[in-house]
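**Student:** Residues 266 to 417 in the numbering used here are what the sequence shown spells out, letter by letter.
One structure, pasted below without further comment.
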Amino acid sequence: MVRGLKLFSVLAVSILFLTGCGNSNKTLTCTNSEESSGIKMDQEVTMTFDNDKVNYVKMTINSKATSSAIENNWDMFASMMEEQFQDKKETGVSLSTSNDSSKHEFKVELEVDLTKAKASDLEEYGLDSITDANATYEETKKDAEDSGFTCK
Numbered sequence: 266m267v268r269g270l271k272l273f274s275v276l277a278v279s280i281l282f283l284t285g286c287g288n289s290n291k292t293l294t295c296t297n298s299e300e301s302s303g304i305k306m307d308q309e310v311t312m313t314f315d316n317d318k319v320n321y322v323k324m325t326i327n328s329k330a331t332s333s334a335i336e337n338n339w340d341m342f343a344s345m346m347e348e349q350f351q352d353k354k355e356t357g358v359s360l361s362t363s364n365d366s367s368k369h370e371f372k373v374e375l376e377v378d379l380t381k382a383k384a385s386d387l388e389e390y391g392l393d394s395i396t397d398a399n400a401t402y403e404e405t406k407k408d409a410e411d412s413g414f415t416c417k
């Protein structure tokens, strides 16, 4: 349960670090990889900017067991993750998960179309301030890189 909360916290913090505005029709993709407590988490956040404002965010977190202890308890880990991150499809917001127990990988993917998402759905994922961000594309990139992400 704690790992699920940690993963969700990483998700929310990453989005907050990476939100912002930028030049018209630009895409920013940032990646990060961390390993802790027998789990390696690869994160990728892609944002598109239009008319100096972020309008789309896609975040993917792929968790993979790196220790036999986690592999031996994979069903429990996956069950906890499935409980924490339930698939959801709302207008402008989509959260999906997949569990590959043979490879001990669990993937969470969140897509947000800010032009369509309701404020209540953004609030559910801690993204309600995303539309109010004033950071430029370059400031967003710098903040992400300062937080350990590699951006292009």
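The beta carbon of each residue, even a glycine, is placed where N, CA and C say it ideally should be.
Roughly how many angstroms lie between the CA atoms of Asn-290 and Asp-352, to the nearest whole one?
**Tutor:** The alpha-carbon atoms of Asn-290 and Asp-352 are separated by roughly 29 Å.
**Student:** Run the CB neighbour count on Thr-405, radius 10 Å, all protein chains shown included, and call it buried at 16 or more, exposed below.
**Tutor:** Thr-405 is buried by the Cβ-count criterion.
**Student:** With contact counted as at least three CB pairs below 8 Å, one residue from each stretch, are the stretch 354-372 and the stretch 328-337 in contact?
**Tutor:** As far as the Cβ criterion goes, the stretch 354-372 touches the stretch 328-337, which means the pair count is three or higher.
**Student:** Quick check on the burial criterion: 16 or more other C-beta atoms within 10 angstroms. Buried or exposed for Asn-297?
**Tutor:** Asn-297 should be labelled buried.
**Student:** Report buried or exposed for Asn-288, applying the criterion of at least 16 other Cβ atoms within 10 angstroms of its Cβ.
**Tutor:** Confidence in Asn-288 is poor, its pLDDT being 41 and thus under 50, which makes the residue's placement unreliable; the coordinate value appears in the next sentence. Label assigned to Asn-288: exposed.
**Student:** Closer than 6 Å: is that where the CB of Glu-404 sits relative to any heavy atom of the ligand COA?
**Tutor:** With respect to small molecules bound, the structure shown includes none, and the ligand COA cannot be examined in it.
**Student:** Closest by CA to Thr-362, which one among Asp-307, Gln-349, Glu-403?
**Tutor:** Closest by alpha carbon: Gln-349.
**Student:** Taking the Cβ atom as the reference point for each residue, do Gly-357 and Asp-378 lie within a distance shorter than 7 Å?
**Tutor:** Against a cut-off of 7 Å, the Cβ pair of Asp-378 and Gly-357 comes out as a contact.
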